[in-house]
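Numbering (my numbering), first residue to last: 2 to 308.
Heads up, the beta-carbon is just placed ideally off N, CA and C, and yes, glycines get one too.
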Ligand code: SF4
């Protein structure tokens, strides 16, 4: 295909699919442009573009989409509904592409999407084949790019999980962060929290960095009825890591429906570990959050006999 620039907003599923998406588009000869890490300005812009009822993650995401307008041939926003039975995605992921197209309808910007709706007969392979077609690539080259991207994705993910397993063996205070990677890894939302923990000599461990198939199976022990794919991976991760950590921070974005329900359930189900429920709305600054974190760390140190 003729060289095209594909823009990827640094938010939401970018943190899950960075390797898959980048490798796929690069193998097809596209140039990738990812928006910069979230700043206060990007977050503010996203908040001004979206309705109050949207969750903080979505608000920040549209700030990233805005950053890419006019700077690439296409902005890639997938529509992801489910990965099968009881493996649903939050409705925000169904609608992001359509909302973005409507939001920036007068900009002249082109968008690129694909549908993943396994229950409706549209799996990942079909989605990627349609993406290749939208970019004018042959089935053969699209298939080759997809296979290479899947292989690379698995390699990188395995390495990430192994690295976290090694961290879990360290003899230091460890706190499990139970939250979406798009919250934990975002420089404006979750990074100040993990940085604060590290500065305090505590190792943050992410519940979502886990063998996902095993976590999905384990999630049933914690909640047999939870149907949200991403939450199931996180609660499965809690089950797998809970004997190796000193406390849990539930991190969510206001007003997230799935997290509100699932985290409340976890807080009631898990015994014997200090837990903190942090709900971020992007307006609270860091001072209040740091005070809560300090008190939480004191509880953990006291429990461990370190105070
Ligand atoms: S799961 Fe929660 S944080 Fe994630 S997109 Fe849905 S409402 Fe937002």
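Identified DSSP bridge partners for residue i
i	result
residue 49	Looking at the DSSP assignment, residue 49 forms no beta bridge with any residue, so it has no partner.
residue 278	251
residue 83	89 and 118
residue 7	33 and 75
residue 123	118
residue 206	177
residue 169	Note: residue 169 sits in no beta bridge, so no partner.
residue 111	75
Enclosing alpha helix (DSSP H) for residue i [first to last residue]
i	result
residue 94	93 to 104
residue 266	258 to 270
residue 238	230 to 242
residue 59	57 to 69
residue 289	288 to 304
residue 189	Here residue 189 belongs to no alpha helix (DSSP H), and DSSP marks it neither H nor E.
residue 223	213 to 223
residue 353	Residue 353 cannot be examined here, being either before or after the span of the chain that is shown, 2 to 308.
Spatial neighbours of residue i in its chain, beta-carbon cut-off 7 Å, leaving aside the 5 residues before and after
i	result
residue 161	210
residue 110	70, 71 and 76
residue 149	24 and 28
residue 114	78, 79, 80 and 98
Rounded C-alpha distance that separates residue i from residue j
i	j	result
residue 224	residue 35	36 Å
residue 154	residue 22	9 Å
residue 305	residue 247	8 Å
residue 227	residue 268	15 Å
residue 240	residue 214	13 Å
residue 118	residue 37	30 Å
residue 284	residue 254	11 Å
residue 200	residue 50	34 Å
residue 266	residue 300	22 Å
residue 139	residue 133	7 Å
residue 17	residue 146	18 Å
residue 67	residue 216	35 Å
residue 281	residue 188	13 Å
First through last residue of the beta strand (DSSP E) which encompasses residue i
i	result
residue 34	32 to 35
residue 175	175 to 179
Contacting residues, own chain, Cβ-Cβ under 6 Å from residue i (five flanking each side not counted)
i	result
residue 6	32, 34, 73 and 74
residue 277	250 and 297
residue 26	7 and 33
Close-in-space but distant-in-sequence residues of the same chain around residue i (CB under 8 Å, 5 per side omitted)
i	result
residue 14	79, 81, 94 and 183
residue 85	119 and 120
residue 89	82, 83, 228, 229 and 230
residue 128	79, 115, 116 and 117
Whole-number beta carbon distance between residue j and residue i, since they are thought to touch under 8 Å
i	j	result
residue 245	residue 175	7 Å
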